[in-house]
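Here the structure is laid out as structure tokens; the discussion comes afterwards.
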Amino acid sequence: MEHYMEYLAVPLPEDIMKYKYFGDEKLLCEAIDKKIAAGVPEALEKRLLLEKHIMHKWVEEYVHDEEEALKICMEQIEGFTREELHELRITNAVEWAYINGKVMYKEYFINNLFATRRQYLDRCLIKGKKESEMADKKLVDDTMAYIKSHGGVKAKVRLKLSTRVNVPEERKGQKVVCQLPYPIEYAQVRNVKLLSLSHEDALIAPADFPARTVRFEAVPDKPFEVEYEYENHLTYVEPKAEAVSAQQPRFDTEELPPHIVFTPYIRMIAKEIVGDETNPLIKARKIYDFVTTKNIYSFMRGYITLPNTIPEYFLAGQKGDCGVHALTFITLCRCVGVPARWQSGLYTVPGDVGMHDWAQFYVAPYGWMFCDTSFGGSAWRSGNLERWDYYFCNLDPYRLPAASEFMRTFYVPMKHIRHDPYDNQSCECEYADAPVCRDDLSSEREAWVEFLED
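Under our numbering, the first residue of the sequence shown carries the number 13, and numbering increases by one thereafter.
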């Protein structure tokens, strides 16, 4: 069903939307089956089949009712009250949805409060939580200072990824396809070297493939593992608006449906942000400032469950995670004629490897430059204007770029819809007839980073 993703652009019938936002998976699926049996256009049929999958994922993500959510907050936040939870929900500061007409909160919703609202981190009762958050910010600031003082950085990154499949009894002996992220050899990445594989017959996608993976296919009687190293080469840049070339390229300025599209709302916002400005560097900076200062960071449910286009969702709700921020920046840049593209994979800080998305934009004569709107927004909220400025045009070396395009299929496509069909950050596993359940997967990531001398 992976190729059905293009049909997200097809609108859903109103009655299906009613079942969806009430959270009634059973009636939604029943109504869809009856529509398809009665006969609908092929495009709508594929959209409806996709919606059954989306609705199932939607229901899975919201697991805590009101009382459970309150209990979690009271156990982890000093002096937390029921009134605070109500205020967080009514101001859209926590992820919630109706599931069968009942208010339910997203799994791990409280982590979002600690990550995005300093007042809750200050009241956190979990020992070491605040210190860990502060240590990560210090590492970023120290790295930024190093890059600025040295004019750039060359860093060797070694990464080990491992996924174990916990096979149900009825699946014993069946083969599993497992795909893990692998570095694309482009942009800042140099000297990729494979160090080890758990299965020697694994297939590695071509060096410049836009969603590069290593693909295993075997009975999962041991973990699927890959270890590799590569170098990130970054040059510190401080571009000047007065030095921008008169002639600018037009590549990477087109729409890419279903999400990078110049809807009337996108055009309105883009015009409001850049006005009559013609300098592409200033345009990009105005968009960066808008995305990082007028909107907030928030963990997200699966992108496939979001209504509308992702940038419209962000610009209407004024919140989103790293990928939503990055895609909005890219879409707005393209809308005003500034080339922009996707880059994503992993944030590879030793001891804290996590999934992350960011962007690149192009201004002649400087070429491709980086933009991390979520890191920039975090810096803005904490009052660190130096770091805020840095992440417009520059990046840190703690990155695994494994995707250079948004929503790109793998070199050998999965037979079934991926757990994350938008990105290439985690393991994707499937049997011949169905995806492997997320609860049956256990993954580990380890990273080592070494700065290299010239």
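Note that the Cβ used here is the ideal one computed from N, Cα and C, for glycine as well.
query	result
Ordered list of beta strand (DSSP E) runs contained in the segment 334-382, each at least 3 residues	352-361, 364-375
Residue ranges of each beta strand (DSSP E) within the segment 431-466, 3 or longer	440-442, 453-464
Nearest-angstrom beta carbon gap, Y242 and V204 [assumed within contact, 8 Å]	4 Å
Short Cβ contact (7 Å threshold) for W460 with R170	yes
Contact test: E54 Cβ vs the ligand SAM heavy atom, cutoff 6 Å	With respect to the ligand SAM, the structure offers nothing, as it holds no ligand at all.
Where Y120 sits in the DSSP three-state scheme	coil
Nearest to P235 (by Cα), restricted to the options D452, Y194, L464, D466	D452
Residue nearest to E87 in terms of C-alpha spacing, selected from C136, L125, I111	C136
C-beta atoms of C190 and C439 nearer than 7 Å	yes
Close-in-space but distant-in-sequence residues of the same chain around A471 (CB under 7 Å, 5 per side omitted)	In the structure as shown, the chain begins at 13 and stops at 466. Residue 471 is therefore absent and cannot be evaluated.
Range covered by the alpha helix (DSSP H) that runs through A399	Contrary to the premise, residue 399 reads as Arg rather than Ala in this sequence. Segment 397-402, the alpha helix (DSSP H) holding R399.
Minimum C-alpha distance to V375 - residue among L125, Q260, L207	Q260
The segment 366-375 / the segment 286-301 touching (three or more Cβ pairs under 8 Å)	yes
Any beta strand (DSSP E) of 3 or more consecutive residues that is wholly inside the segment 110-167	114-118
Rounded distance between the beta-carbons of W380 and A219, thought under 8 Å	The Cβ separation is near 18 Å, so there is no contact.
Cβ shell of P270 (< 7 Å), same chain only, five flanking positions each side left out	E18, L20, A21, T321
8 Å contact criterion, which C386 and H337 should meet: CB distance rounded	A small fix is needed here, since residue 386 is Ser in this sequence, not Cys. With a Cβ gap of about 5 Å, S386 and H337 count as contacting.
Backbone secondary structure at G332 - three-state DSSP	strand
Three or more C-beta pairs below 8 Å linking the segment 413-424 and the segment 396-404	no
Sequence-distant residues of the same chain with beta carbon closer than 7 Å to Y158, five excluded per side	V165
For K172, the residue or residues it bridges with in DSSP	E239, E458
Cβ separation of K331 and N104, assumed to be a contact under 8 Å, to the nearest whole Å	7 Å
Distance between E324 and Y277 (C-alpha atoms, nearest Å)	7 Å
Neighbourhood of C85 by C-beta distance below 7 Å, restricted to the same chain and skipping five residues each side	F92, L97, I122
Span separating the alpha-carbon of K172 from that of K114	42 Å
Short Cβ contact (7 Å threshold) for G35 with Y117	no
Euclidean distance between Cα positions of A147 and L464	23 Å
Proximity of E229 and K187 at Cβ, strictly below 7 Å	yes
Option nearest C405 by Cα separation, candidates K160, P232, I196	K160
Proximity below 7 Å, CB of R227 to CB of V448	no
V348 and V286 closer than 7 Å at C-beta	yes
Other residues of its chain near R346: CB distance less than 6 Å, five sequence neighbours each side excluded	T265, A352
Rounded C-alpha distance that separates R94 from H76	15 Å
Assigned secondary structure, E206 (DSSP; H/G/I helix, E/B strand, else coil)	It is Leu, not Glu, that sits at residue 206 in the sequence shown. Looking at L206 - three-state DSSP - the assignment turns out to be strand.
Limits of the unbroken beta strand (DSSP E) element including H76	74-77
Short Cβ contact (7 Å threshold) for G357 with P232	no
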